[in-house]
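A.B. asks: Just so we're on the same page, the working numbering is the position in the sequence shown counted from 1, plus 108. In this text, a Cβ means the ideal position worked out from N, Cα and C, and glycines have one as well.
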Amino acid sequence: MTFVTDLPAPRLASDVTSTDVEALVAFLDGKVHGILAGHRSDTDVWKAALGLRLALNHRARQAREAYARADHSREAARARFLRWNRLAVLALGWEKDPDYDERWKVIATPVPKARPSSW
């Protein structure tokens, strides 16, 4: 299963789309589901995967809400930046996975820097 989007890797939170959020959530959910299905519920691996599932569900909801907002203010962009990074950090261990999309990187800058006035 591939979860790749056709856009270049984002540099800013404004480059990330709700499609990226959904693709990353689907990728992570598939990984967590595989771990949970492959281990008994009394193992530490299963318990760790359950914790990851709970964190994923919470962060996915927050990211979806942030990217669903029509507001394009700097505050909204910062909220999207924070929510995206909190979600993307969950995928750090899978960066070499063949189904991992380069668009899912943690973003270093929330919004473009303001340009100096040119008058």
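Report the rounded CA-to-CA distance for residue 165 versus residue 120, giving the unit in angstroms.
C.D. replies: One-based indexing of the sequence shown puts residue 165 at position 57. One-based indexing of the sequence shown puts residue 120 at position 12. Cα to Cα, the separation comes out at about 23 Å.
A.B. asks: Let's see if you can read the secondary structure: which residues bound the alpha helix (DSSP H) around residue 194?
C.D. replies: By one-based count along the sequence shown, residue 194 stands at place 86. It spans 182-196 - the alpha helix (DSSP H) in which residue 194 sits, taken as one unbroken run.
A.B. asks: Determine the burial state of residue 182: buried for a count of at least 16 other Cβ atoms within 10 Å of its Cβ, exposed for fewer.
C.D. replies: One-based indexing of the sequence shown puts residue 182 at position 74. Looking at its Cβ environment, which holds fewer than 16 other Cβ atoms inside 10 Å, residue 182 is exposed.
A.B. asks: Look at the alpha carbon of residue 68 and the alpha carbon of residue 146, and state the distance between them as a whole number of angstroms.
C.D. replies: It is not possible to answer for residue 68, since the shown part of the chain is limited to 109 through 227.
A.B. asks: Do residue 174 and residue 187 have their C-beta atoms within less than 8 Å of each other?
C.D. replies: Counting from one through the sequence shown, the residue named residue 174 turns up at place 66. Counting from one through the sequence shown, the residue named residue 187 turns up at place 79. It is a contact, given that the beta carbons lie within the stated cut-off.
A.B. asks: For residue 214, I'd like the list of residues in its chain whose CB is within less than 7 Å of its CB, leaving aside the five on either flank, ordered along the chain.
C.D. replies: Start at 1 with the first residue of the sequence shown, and residue 214 comes out as number 106. For residue 214, where only same-chain residues beyond five positions count, the Cβ hits under 7 Å are 193, 196, 197.
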